[in-house]
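Novice: Structure in structure tokens, see below.
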Ligand SMILES: Nc1nc2c(ncn2[C@@H]2O[C@H](COP(=O)(O)OP(=O)(O)OP(=O)(O)O)[C@@H](O)[C@H]2O)c(=O)[nH]1
Ligand SMILES: [Mg+2]
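In this note's numbering, the protein residues as written are 16 to 267.
Next comes the structure, spelled out in structure tokens:
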């Protein structure tokens, strides 16, 4: 059976049950085992800050991978900050993030957006969740209210979480978050089909295949630079992805 646990700020306290697999064989993962990956598309206003934050928090030990489709200085800045940059024609969020998820060889993969919205200072807690035996640790932006999020997005994200929960029979709170940690085996064992809706698909298919998922409340900051998502066409695409992934997983 799949399980979703939602932690409060004190980390792992509010879990309702432990995952079936606990602890990591051969000891705990450290940041040497972690790749932080992202799609980057004209993010020169944020990319330096995001990578510097990751380096500071992980003591330079996490690998950073950017799948980049930019026409600005984003890839140069990323390389100057020590990231591995994979060039890709811009084809949408999910195409970039899928390539980014599958690029690393390290056993723990963390996704983020390259727009300075997500709290890199919480990386140690995401890693602790994986070390506690969770397969997926998912940042829940709505728990603290996500005041920095435009109101339409906030409403849309609450509706997506409701729709996904109804389809799965499990309450989830933020299906479209960009910040998650995965055991690499999870992302490699499932075939991903969605583009704008990839984030929701990643949560839904993992959960419905019985992987242990924890939602971790996170702060969410205002974006640096321009959004790459049209809220209306993007929202419709995400709703379709939720329906498709939820129904396909039910019928599996
Ligand atoms: N390589 C690549 N990256 C992309 C593409 N589309 C989006 N991204 C990146 O994916 C991440 C998510 O895009 P955002 O524009 O932040 O989308 P969002 O988080 O839904 O929207 P905001 O709330 O405005 O941040 C960002 O780091 C983008 O640069 C693309 O076509 N190619
Ligand atoms: Mg974003």
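From the three backbone atoms N, C-alpha and C, an ideal C-beta is built for every residue, glycine too.
So is residue 242 buried or exposed if we call it buried at 16+ other beta carbons inside 10 Å?
Specialist: Under this definition residue 242 is an exposed residue.
Novice: Would residue 64 pass as a contact of residue 238 if the rule is Cβ separation under 8 Å?
Specialist: No, the pair does not count as a contact, with Cβ atoms beyond the cut-off.
Novice: Whole angstroms is fine: what's the gap from residue 46's alpha carbon to residue 142's?
Specialist: Straight-line Cα distance between these residues: approximately 8 Å.
Novice: Roughly how many whole angstroms lie between the Cα atoms of residue 223 and residue 192?
Specialist: The alpha-carbon atoms of residue 223 and residue 192 are separated by roughly 18 Å.
Novice: Tell me whether the segment 114-130 and the segment 196-206 touch, counting them as touching only if at least three CB pairs, one residue from each stretch, are closer than 8 Å.
Specialist: The segment 114-130 vs the segment 196-206: in contact.
Novice: Report all residues from its chain with a CB closer than 7 Å to the CB of residue 60; omit the five preceding and five following residues, and keep chain order.
Specialist: For residue 60, where only same-chain residues beyond five positions count, the Cβ hits under 7 Å are 239 and 240.
Novice: Ligand 2 and residue 128: does any heavy atom of the ligand fall closer than 7 Å to the residue's C-beta?
Specialist: Checking every heavy atom of ligand 2 against the Cβ of residue 128, one is found closer than 7 Å.
Novice: Quick one: grab the DSSP three-state call for residue 101.
Specialist: Three-state result, residue 101: strand.
Novice: Whether or not the segment 226-237 and the segment 85-95 are in contact is what I'm after, with contact meaning three or more pairs of Cβ atoms, one per stretch, closer than 8 Å; do they touch?
Specialist: With a cut-off of 8 Å, the segment 226-237 and the segment 85-95 do not count as touching, because too few Cβ pairs lie within range.
Novice: Measure the Cβ-Cβ separation of residue 118 and residue 80 and say whether it is below 8 Å.
Specialist: Cβ distance < 8 Å, so residue 118 and residue 80 count as in contact.
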